[in-house]
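Residue numbers (my numbering), protein chains in the order written: chain A, 27 to 347; chain B, 87 to 349.
Note sheet for the following structure.
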């Protein structure tokens, strides 16, 4: 059986609705956060877990980390049921919630690490070896004596990550770890995650809205929407399927030129140039470019880069999320 | 066990970060003490009471010195619950009740000792009738320390119950305000319990709030003699037991129905 095994998972929440006029009580409504979710993750995989806000990503992570119990369904992580065997289970996992803090705000981070050492009962040598290694890779050496409250967001995230990995978890959950980080911090964080995954075979489940994170790190992506799994596979396959519209902007020396193109290509004037959108499946990019060049003297030509965010937005739209 | 010591240590360290606040607290509590004492002196001047004024003065000083033990809740714990950072604590291989209990205890103990000791030293050197008197007897002092420890266990259990309420209401302020008011009155911070009518005292001294500071102070001043020590300590132990049990029950129920918001 694979490392993480999830089968037919259901979880719903009860929410109170707005009180209707004339009725005394508010009505209760059940919202299904997860419906019939099943997947398998093998040891050492680095999986991206995406979906629009409210899709049920965090709920899945909470169930997998043993904080929440589902209504029905089967979950095992390394052969253990997370919520039933909570203490043993949490000893082996690490969690980073990007918008929350685990380290103590007012004391040097080294003190927080010492506390974690005692909580996870890490032996002295192992702790020191691991701390040296992590502080080196995460560039934290000079910050160990600094309280968390004096750190920048990027430093804080690195410190949090170090805290979550001190006890060498087999499985790491990351909930939006790059949120609000600058470009340099993002890149170094990704590099680090890759290193941890390759060096120790740590299984990582990464929840994010940043598609660049996924593109840089994950060989496999799972898409969740309305509590259901909509896609499971590699990122290229996902993108190919939704890479349906591209745009080219052309400016001619003579602004009145209007090239003749197949009907499937739509054109609209935008400032001095003309914006063409086409689908590469019907009209290949080379064909479009040839026709544009034939129409007159081109001054400027820009092919809009493929934006993963747009593709994902298109996918969410198509899947009606 | 080591983990609990470690939690205690780090929370103590955190408390020590704010030395300025501590100094301010000491000055404020001293001011309060002096005001209250002048009030009771005025009362005694116009209508002497049965209880010697020196007892009342000592009562006031000890109450002020250990003010932090009664009325200082950890704002971080409430915030953790409100913001959801508590989910990190749920991911630890630790007992949540014990984890919070020890945090609360570290804060209360460090806070009150750091403020209390300098204050009591100051109060010992004040002129007669204004200052703290020495304990009635060495065994009285010993019993009073023991009673204070039991009182600390009681107040930590009470605070943890407040936290359990917070997990339901998501805001610590309401329940805390109510319980703090009860605490101020029934623990003897506003008016020493010894000055309440005798018939009232029979009931009030049995309530958990009287176990926190009132019982230890009365052993200190000698109002409770050795003959009553066993009975009073027993009442304290029963309350420690009951409050811990109730808190534990509430926490385990909370943990079962826990739904972490957002994210």
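Cβ coordinates follow ideal geometry from the N, Cα and C atoms, glycine included.
Query: Listed in chain order, which residues of the segment 124-135 of chain A have Cβ atoms closer than 8 Å to some Cβ of chain B?; Result: 125, 126, 127, 128, 130, 131, 132, 133
Query: Quick one: grab the DSSP three-state call for residue 334 of chain B.; Result: helix
Query: Is the Cβ of residue 176 of chain B closer than 8 Å to any Cβ of chain A?; Result: yes
Query: Hey, does residue 188 of chain B have any beta-carbon neighbour from chain A nearer than 8 Å?; Result: no
Query: Does residue 88 of chain B get closer than 8 Å to chain A when you measure Cβ to Cβ?; Result: yes
Query: Specify the secondary structure class of residue 39 of chain A as computed by DSSP and reduced to three states.; Result: strand
Query: Just how far apart, CA to CA, sit residue 252 of chain A and residue 73 of chain A?; Result: 19 Å
Query: Does residue 91 of chain A come within less than 8 Å of chain B when only Cβ atoms are used?; Result: yes
Query: Determine which residues share a DSSP beta bridge with residue 98 of chain A and list them.; Result: A/36
Query: Give the DSSP bridge partners of residue 326 of chain A, in chain order.; Result: A/277
Query: Suppose the cutoff is 8 Å on Cβ atoms and the five residues either side in sequence are ignored; what does the same chain contact list for residue 314 of chain A look like?; Result: 274, 287, 291, 302, 304
Query: Cβ atoms of residue 193 of chain A and residue 348 of chain A: under 8 Å apart, would you say?; Result: The question about residue 348 of chain A has no answer, for chain A in this structure spans 27 to 347.
Query: Within its chain, find whatever has a CB closer than 6 Å to the CB of residue 353 of chain B; leave out the 5 residues flanking it on each side and keep chain order.; Result: Outside the shown range of chain B, which is 87 to 349, sits residue 353 of chain B, and nothing can be said about it.
Query: Between the segment 103-118 of chain B and chain A, which residues of the former have CB atoms less than 7 Å from a CB of the latter, in chain order?; Result: 103
Query: Can you list, in chain order, the stretches of the beta strand (DSSP E) that have 3 or more residues and sit fully within the segment 244-297 of chain A?; Result: 246-251, 254-259, 272-278, 292-296
Query: Within its chain, find whatever has a CB closer than 7 Å to the CB of residue 285 of chain A; leave out the 5 residues flanking it on each side and keep chain order.; Result: 317, 318, 321
Query: Measure the alpha-carbon distance for residue 252 of chain B versus residue 190 of chain B and round it to whole angstroms.; Result: 15 Å
Query: Go ahead and pull the three-state DSSP assignment for residue 204 of chain A.; Result: coil
Query: Helix, strand or coil, according to DSSP, for residue 84 of chain A in the structure here?; Result: helix
Query: Around the Cβ of residue 105 of chain A, are there at least 16 other Cβ atoms within 10 angstroms (buried) or fewer (exposed)?; Result: exposed
Query: What residues in its chain sit with their C-beta under 8 Å from that of residue 217 of chain A, if we drop five residues either side in the sequence?; Result: none
Query: If we cut at 8 Å on Cβ distances, does residue 99 of chain B have a partner in chain A?; Result: yes
Query: Within 8 Å (strictly less), CB to CB, does residue 145 of chain A reach chain B?; Result: yes
Query: If you compare alpha carbons, which of B/116, B/174, B/301 is closest to residue 130 of chain A?; Result: B/174
Query: Starting from residue 117 of chain A, find everything on chain B with Cβ-Cβ shorter than 8 Å and list it in chain order.; Result: 179
Query: Alpha carbon to alpha carbon, what distance is there between residue 277 of chain B and residue 284 of chain B?; Result: 14 Å
Query: Just to confirm my understanding: we take residue 124 of chain A, look at its own chain, exclude 5 residues before and 5 after, and list those with CB closer than 7 Å. What are they?; Result: 201, 202, 203, 205
Query: Would residue 96 of chain B pass as an interface residue toward chain A - the criterion being a Cβ-Cβ separation below 8 Å?; Result: yes
Query: Counting only Cβ pairs nearer than 8 Å, list the residues of chain A close to residue 308 of chain B.; Result: Simply none; closest approach about 41 Å.
Query: Quick check on residue 303 of chain A: does DSSP put it in helix, strand or coil?; Result: strand
Query: With 7 Å as the C-beta to C-beta threshold (strictly closer), list the residues of the segment 159-170 of chain B near chain A in chain order.; Result: 169, 170
Query: What do you reckon, are the CB atoms on residue 243 of chain B and residue 329 of chain B nearer than 8 Å?; Result: yes
Query: Does the distance from the C-beta atom of residue 219 of chain B to that of residue 124 of chain B stay below 8 Å?; Result: no
Query: Would DSSP call residue 134 of chain A helix, strand or coil?; Result: strand
Query: From the beta carbon of residue 93 of chain B, is the nearest beta carbon of chain A less than 8 Å away?; Result: yes
Query: Closest to residue 191 of chain A by C-alpha separation, out of A/139, A/171, A/177, would be which residue?; Result: A/139
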